[in-house]
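J.: Mind having a look at this structure? Questions to follow.
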Amino acid sequence: MRRKANSYLQEKEEIKPVPVSSPAHGPLSFHLRCLLDLQLKTIVDFLRPRLKALRGEVLDVGAGNAPWKSYLSPETKYVGLDIDKAAEFNMHPGTDIIYYPGGAFPFADNQFACVLCVEVLEHVPDTRELLAEIHRCLRPGGQLVMTVPWSARRHHIPHDYFRFTPEALAMLLREQGMEDIDIFERGNDYAVVFNKMLCILTGLVTIKRKSWLPVTLPMAMILFPSWLLFLLAAHATMKLQFGSRVDPLGYALTARKRLNHIQQPSKATERS
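Just so you know, the working numbering puts 59 at position 59 of the sequence shown, and the rest follows in order with no gaps.
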């Protein structure tokens, strides 16, 4: 279907993403969401053991509602960073979160032991600028922990710009001087099919034209058993590490700033 580029920029998001809240605020609802939201489940499975092992000062870039803070050890100091307009994306103001207009981070060089960047990179028009600022704020030997989506619907429209392959992620990080880059698939093709079916079912039930409900509701009821089957298959195959590695829900990675790195001013810092 042909559409003019401007029509995408003006498009309204019919089903907006639900912000992730801390599991400490509602453990039961959080675990139930992880059962159905496989993007979130795979992110949690990746982050939880790694965050518990962190020490020192941790920066959460694109912090949102700071859902990952509860996974950190008491021996860490949490600092969140988000844009001034975070409230437009249904994010709630946080006392541990600094809000800024974008560009250069309001932090010193070599300040943080670890930087988190969870499902944020795809929403940033200048990817290299953001990665340069992350690199600048990391201390030598500091760790980056990041996730990005791969098979995901467009979301936070019109601020959804990219999908990254493992090759692209590795290239971008090496450009900034990162090393020890380890990239992991999140989920598999079964999880992708389940997520697509969930989107279809949601669309059938929440359709705007209520006059179509006599048609869409029976369709949803017919699809529901298959959806449930793929939910079970997705959880089982991810547990058994079975399924396609080239068609995942997304990617997760860790990387380190070189110990002997000589800090150069980033473009964002030069402009500020």
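From the three backbone atoms N, C-alpha and C, an ideal C-beta is built for every residue, glycine too.
Note that this is a predicted model, so its numbers are computed, not measured.
Three Cβ pairs or more, each shorter than 8 Å: is that satisfied between the region 209 to 226 and the region 48 to 58?
T.: The region 209 to 226, when compared against the region 48 to 58, does not touch it at the 8 Å Cβ threshold.
J.: Please return the same chain residues whose Cβ sits closer than 6 Å to the Cβ of Lys41, not counting the five positions on each side in sequence.
T.: Stepping through the sequence shown from its first residue, residue 41 is reached at position 41. Excluding sequence neighbours, Lys41 sits near Cys34.
J.: Using a 10 Å radius around the Cβ and a threshold of 16 neighbouring Cβ atoms, would you call Glu185 buried or exposed?
T.: Counting from 1 along the sequence shown, the entry for residue 185 is found at position 185. Glu185 is buried by the Cβ-count criterion.
J.: Is the beta carbon of Leu173 sitting closer than 7 Å to the one on Ile183?
T.: Your numbering for residue 173 matches position 173 in the sequence shown. Your numbering for residue 183 matches position 183 in the sequence shown. No, Cβ-Cβ distance for Leu173 and Ile183 is not below 7 Å.
J.: At what residues does the beta strand (DSSP E) containing Gln143 begin and finish?
T.: In the sequence shown, the residue the question calls residue 143 occupies position 143. Segment Leu138 to Pro149, the beta strand (DSSP E) holding Gln143.
J.: Taking the Cβ atom as the reference point for each residue, do Asp189 and Gly250 lie within a distance shorter than 7 Å?
T.: Numbered from 1 along the sequence shown, position 189 holds the residue referred to as residue 189. Numbered from 1 along the sequence shown, position 250 holds the residue referred to as residue 250. No, these two residues do not count as a Cβ contact at 7 Å.
J.: Which residue from Glu129, Arg245, Ser22 and Thr237 puts its Cα closest to that of Glu175?
T.: Position 175 of the sequence shown, counted from the start, is the residue given in the question as residue 175. Glu175 has its Cα closest to that of Glu129, out of Glu129, Arg245, Ser22 and Thr237.
J.: If you follow the alpha helix (DSSP H) that Thr95 is in, where does it begin and where does it stop?
T.: The residue given as residue 95 occupies position 95 in the sequence shown. Counting along the chain, Thr95 falls outside any alpha helix (DSSP H), and DSSP gives it neither H nor E.
J.: By how many angstroms is the C-alpha of Lys69 removed from the C-alpha of Gly80?
T.: Position 80 of the sequence shown, counted from the start, is the residue given in the question as residue 80. Position 69 of the sequence shown, counted from the start, is the residue given in the question as residue 69. When rounded, the distance between both Cα atoms is 9 Å.
J.: In or out: Tyr161 buried (at least 16 other Cβ within 10 Å) or exposed?
T.: On the sequence shown, residue 161 is found 161 positions in, with the first residue counted as 1. Result: exposed.
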